[in-house]
Structures are given as structure tokens and as C-alpha cells.
Amino acid sequence: MELIRVALELSELNDEEKQSVVMLAMKLLAVKHRAGRALSSPEETRNFLRLRLADYRNEVFGSLFLDNRHRIIAVRELFQGTIDGASIHPRVVVQQALEANAAAMVFFHNHPSGVAEPSRADEMITRRLKEALALVDVRVLDHFVVSGGESVSFAERGLL
39 MELIRVALEL SELNDEEKQS VVMLAMKLLA VKHRAGRALS SPEETRNFLR LRLADYRNEV
99 FGSLFLDNRH RIIAVRELFQ GTIDGASIHP RVVVQQALEA NAAAMVFFHN HPSGVAEPSR
159 ADEMITRRLK EALALVDVRV LDHFVVSGGE SVSFAERGLL
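Numbering (the working numbering), first residue to last: 39 to 198.
Below, the structure is given as C-alpha cells:
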């Protein structure tokens with residue numbers, strides 16, 4: 039019942055007020071995903087990424103760089119693409135992981151089309167990245183594909 043009341047109140051907000059609510063939510067989630075904080079739950083990370091990538095009109099690929107206790111070292115957007123794809127270079131991902139001294143990574147990218155279903159190409163590049171990073175002892179924990187309304191976890195789907 040409380041959720042319905044909140045949804046009705048949000049529908050009464052003007053665009054400026056809605057944008058303020060989104061910005062506040064981003065700030066709250068950013069605090070939970072700042073350097074030194076451990077990832078507390080997949081759902082929190084999913085919400086953080088959905089808000090972060092919601093308004094992107096082109097595909098963006100990035101990573102959460104984590105230490106051996108899964109605390110965040112950095113969150114970086116690594117590649118920018120077009121409306122339907124981005125070129126991902128394993129060499130650059132490995133370089134960034136080593137530069138950050140990461141022990142583990144969580145990848146993310148958006149689908150501006152609004153459909154979060156991973157493509158075959160998404161699965162193939164994730165496999166290549168996982169293999170390349172394994173050579174330098176960096177674990178890949180997950181890969182989220184995010185759209186405005188939904189997101190898909192490779193780990194939850196058994197794709198890693």
C-alpha cells in the first residue's frame with residue numbers, strides 16, 4: 039500500500055522535481071558505490087548501474103574495479119559506442135585492471151534500445167575478457183546489461 043502511495047505522489051511531480059529525485063537517488067547510490075566500500079548486494083549494484091546509464095543514448099561499456107575483498111577501487115566507463123554497439127578491446131581492459139591493481143571486476147554496459155537481453159556478441163566478449171584477465175589473476179564476477187527499465191546479470195543467468 040505504501041508503494042502505491044509513493045508512486046501516486048511521484049506521478050504528481052513536475053519534470054524538474056522528478057529530475058531532482060533522480061539526482062538524489064544517484065547521490066545516495068554513489069555513496070554506497072564509492073571507493074573503499076564493499077559491494078553489498080547485486081540488487082543495489084543493479085540499481086546504481088540502471089540510474090547511472092539510464093539516459094545514455096549510445097552504448098557505453100565500463101567496469102567496477104574491486105580489491106580481493108570486493109571493495110570498490112574505482113568505477114570507470116572504458117568504451118563509448120554507437121546506438122547499437124561498442125568496440126571493446128581486451129588489451130585496454132587488462133591494462134586498466136592492472137593500473138587499478140584490481141583483484142576482481144564487474145562489467146557493465148547499456149543497451150539504448152531499451153532491451154537488456156544480452157546478445158551473442160556480449161557473451162563472446164565477456165568470455166574473451168574473462169580469459170584475458172585470468173592470465174593476470176583478475177576474476178570476473180559479473181557482467182550487467184542495463185536498459186532504462188531492466189537489467190540482466192550474466193552471473194545470475196549462468197553465463198560466466
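Glycine included, C-beta positions come from ideal geometry on N, C-alpha and C. All of these numbers come straight from a predicted model, not from anything done at the bench.
Exercise for the section: Since I believe residue 102 is in contact with residue 144 (beta carbons under 8 Å), could you give me their beta-carbon distance rounded to a whole number of angstroms? Expected result: 4 Å
Practice task
Quick one: which unbroken beta strand (DSSP E) runs of 3-plus residues sit fully inside the segment 130-166? Chain order, please.
Solution key: 142-148
Problem - Backbone secondary structure at residue 53 - three-state DSSP - result: helix
Handout entry: Reference residue 166, options 198, 124 and 87, closest by Cα
Key = 198
Problem - Three-state class that DSSP yields for residue 42 in the structure shown - result: Confidence at residue 42 is low in this model, with a pLDDT of 49, below 50, so its placement is unreliable and no value can be given for it.
Handout entry: Where the alpha helix (DSSP H) through residue 92 begins and ends
Key = Taken as a continuous stretch (DSSP letters only), residue 92 belongs to no alpha helix (DSSP H), as it is neither H nor E.
Exercise for the section: For the alpha helix (DSSP H) holding residue 193, just list the boundary residues, first then last. Expected result: 192-195
Handout entry: Neighbour-count burial assignment, residue 200, 16 or more Cβ in a 10 Å radius
Key = Only positions 39 to 198 of the chain appear in the structure, and residue 200 is not among them; the question remains open.
Problem - Residues near residue 193 in its chain [Cβ-Cβ closer than 6 Å; skip 5 each side] - result: 180
Exercise for the section: Go ahead and pull the three-state DSSP assignment for residue 112. Expected result: strand
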